[in-house]
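Visitor: Per this note's numbering, the very first residue in the sequence shown carries number 11; after that it's consecutive.
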Amino acid sequence: MGTPENLSGGTGGRREPLRFDQDASATAVDMDTAIVLLGAGVTAITHPLLYVKLLIQIGHEPLTPTVGTTMFGRKVLYLPGFFSYAQHIVRVDGKMGLFRGLSPRIMSSAISTMVRSKVKQAVPAEQAEHVSNRDGLKTSLRKVMKETSHEMVIQCLSRIATHPFHVISVRCMAQFVGREVEYRGLFSSITKIFNDEGIGGFFVGVVPHVLGEVIFLWCCNLLAHFINTYAVDDNFSQAPAVRSYTKFVMGIAVSVLTYPFMLVADLMAVNNCGLMDTSWKNTIVTRWQTCCSC
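#1: Roughly how far, in whole angstroms, is the beta-carbon of Leu65 from the beta-carbon of Pro75, given that I think they are within contact range, below 8 Å?
#2: Identify, in the order they occur along the chain, each residue of the same chain with its Cβ nearer than 6 Å to the Cβ of Phe92, setting aside the five sequence neighbours on each side.
#3: For a quick check, are the C-beta atoms of Leu227 and Thr158 less than 9 Å apart?
#4: Let's see if you can read the secondary structure: which residues bound the alpha helix (DSSP H) around Thr79?
#5: In this structure, how does DSSP classify Leu89 when only helix, strand and coil are distinguished?
#6: Within 10 Å of its beta-carbon, does Phe82 have 16 or more other beta-carbons around it, so buried, or fewer, so exposed?
#7: By the three-class DSSP mapping on this structure, what secondary structure does Leu285 have?
#8: Distance check for Ala120 and Ile170, CA to CA, integer angstroms please.
#9: According to DSSP, is Glu190 part of a helix, a strand, or is it coil?
#10: Could you give the DSSP three-state label for Gly208: helix, strand or coil?
#11: Are three or more beta carbon pairs between the stretch 193-212 and the stretch 262-276 nearer than 8 Å?
#12: Need the endpoints of the alpha helix (DSSP H) that Thr72 sits in, please.
#13: From this set, Lys85, Val133, Met117, Ala275, which residue's C-alpha is nearest Gly51's C-alpha?
#14: Along the chain, where does the alpha helix (DSSP H) that runs through Gln131 open and close?
#15: Kindly list the residues whose CB is nearer than 7 Å to the CB of Val125, restricted to its own chain and excluding five residues on each side of it in sequence; keep chain order.
#16: Please check the pair Leu60 and Gln185, which I expect to be a contact at CB under 8 Å, by giving their CB distance rounded to whole angstroms.
#17: Whole angstroms is fine: what's the gap from His173's alpha carbon to Arg84's?
#18: From Gly215, Val217, Glu192, Ala275, pick the residue whose C-alpha is nearest to that of Asn205; which is it?
#19: Nearest to Arg115 by alpha carbon, out of Asn231, Met41, Arg181, Thr43?
#20: Under a Cβ-count criterion, where at least 16 other Cβ atoms within 10 Å of its own Cβ denotes burial, should Met278 be classed as buried or exposed?
#21: Just verifying my parser: in three-state terms, what is the DSSP assignment at Gly215?
#22: What do you get for Tyr110, buried or exposed, if any count of 16 or more other CB atoms within 10 angstroms of its CB means buried?
#23: For Lys202, which option in Pro90, Gln165, Pro72, Cys283 has the closest C-alpha, if you only look at C-alpha atoms?
#24: Determine whether the beta carbon atoms of Val187 and His70 lie at a separation below 9 Å.
#25: Are any of the Cβ atoms in chain D nearer than 9 Å to that of Val220?
#26: Measure the C-alpha to C-alpha separation of Lys257 and Asn238 and round it to an integer number of angstroms.
#27: Please name the residue, chosen from Pro270, Leu48, Leu73, Leu89, that lies closest to Arg101 on a Cα-to-Cα basis.
#28: If we ignore side chains and look at the alpha-carbon of each, how far apart do Lys153 and Asn231 end up?
#29: CB Gly215 to CB Val259, shorter than 9 Å?
Written out as structure tokens, the structure is:
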């Protein structure tokens with residue numbers, strides 16, 4: 011008659027859980043790696059769009075407005091769009107110029123993914139969700155608030171951890187205006203900011219950035235909850251499809267309201283950082299004060 015060791019293939023009954031834990035850990039690591047690589051790809055693809063947006067935010071207008079007409083026939087001046095702006099950057103810096111400041115953003119994306127993964131492991135979402143037993147999609151308001159609070163903690167920790175790289179990226183892109191090379195690489199930029207401004211220089215503009223993301227998260231989730239619960243009728247045949255897109259549509263609408271917070275955060279990141287001339291700084295300060303007074 012075989013012994014327990016022989017029945018288990020000579021491996022011992024205690025080694026199987028260890029092997030299972032190792033496989034689960036390896037799977038989690040592979041998943042995090044895949045998410046990091048996917049995030050880096052998306053960041054690289056969308057970087058030119060954010061680059062152009064930042065230059066417009068800080069008031070850089072290298073191209074003259076063009077004359078056009080509205081749908082009512084009235085003549086107006088149109089500022090250059092994304093493609094015109096991108097073509098100007100290519101003419102000045104070449105195609106690689108569209109990716110100025112990309113490396114800090116990729117680093118920020120990778121750190122954000124790791125922070126979110128670690129926080130979710132430390133504070134599982136299940137602990138924040140088992141509050142109500144409402145059936146179907148009509149979850150209780152208390153449950154939605156618990157879930158949103160859990161998401162808010164993850165978002166705040168992620169933003170605080172990655173904001174220094176956001177500051178570096180914004181300043182690298184803003185150098186295009188004055189053709190400067192104050193912020194050349196990731197490590198040299200870290201050294202420069204630390205020597206000139208100390209630790210606080212890495213977190214310039216973090217308060218409006220975090221505040222904007224928190225307001226966006228709460229407004230988006232609560233509006234989506236109320237619409238899905240009280241506005242979408244269960245008798246409607248396309249109700250599940252409508253509910254699946256509600257949060258996406260609300261995200262677009264709420265982002266318009268929270269955009270001033272992101273604008274102020276970006277302007278604070280480049281204000282008084284030693285770049286460009288006085289006229290450009292005055293433009294930044296003016297826009298910053300205008301947003302704060304609204």
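Heads up, the beta-carbon is just placed ideally off N, CA and C, and yes, glycines get one too.
Guide: Reading off the structure:
#1: Cβ-Cβ separation between Leu65 and Pro75: approximately 16 Å, too far for a contact (criterion under 8 Å).
#2: Only Val62 meet the Cβ criterion.
#3: Yes, they are a contact pair.
#4: Where Thr79 is concerned, there is no enclosing alpha helix (DSSP H), although the beta strand (DSSP E) it sits in stretches over 76-79.
#5: Looking at Leu89 - three-state DSSP - the assignment turns out to be coil, as it is neither helix nor strand.
#6: With fewer than 16 Cβ atoms within 10 Å of its Cβ, Phe82 is classed as exposed.
#7: If DSSP states are grouped into helix, strand and coil, Leu285 belongs with coil.
#8: Distance from the CA atom of Ile170 to the CA atom of Ala120, rounded to whole angstroms, is 14 Å.
#9: Coil.
#10: Here Gly208 sits in coil by DSSP.
#11: A contact is defined here as three or more CB-CB pairs under 8 Å, and the stretch 193-212 fails this definition with respect to the stretch 262-276.
#12: Inspection of the sequence shows that residue 72 is occupied by Pro rather than by Thr. Premise fails: Pro72 is in no alpha helix (DSSP H) and is neither H nor E.
#13: From the listed residues Lys85, Val133, Met117, Ala275, the smallest Cα separation to Gly51 is found for Met117.
#14: The continuous alpha helix (DSSP H) containing Gln131 extends over residues 112-132.
#15: Only Leu167, Ser168, Ala171 meet the Cβ criterion.
#16: Between Leu60 and Gln185 a beta carbon distance of about 15 Å is seen, past the 8 Å cut, so the two are scored as non-contacting.
#17: Each residue's alpha carbon lies about 44 Å from the other.
#18: Of the residues Gly215, Val217, Glu192, Ala275, the one whose Cα lies closest to the Cα of Asn205 is Glu192.
#19: Checked all of Asn231, Met41, Arg181, Thr43; the closest Cα to Arg115 is Arg181.
#20: Looking at its Cβ environment, which holds 16 or more other Cβ atoms inside 10 Å, Met278 is buried.
#21: Coil, per DSSP.
#22: Here residue 110 is Arg; the residue named in the question, Tyr, does not match the sequence. The residue is buried, with at least 16 neighbouring Cβ atoms inside 10 Å.
#23: Proximity to Lys202 across Pro90, Gln165, Pro72, Cys283 peaks at Cys283, based on C-alpha coordinates.
#24: Yes, Cβ-Cβ distance for Val187 and His70 is below 9 Å.
#25: Considering every chain present, this structure includes no chain D. It has just one protein chain.
#26: About 9 Å.
#27: Cα-wise, what sits closest to Arg101 is Leu73.
#28: Inter-residue distance for Lys153 and Asn231 is about 11 Å (C-alpha atoms, whole angstroms).
#29: No; because the gap between Cβ atoms is not below 9 Å, this pair is not in contact.
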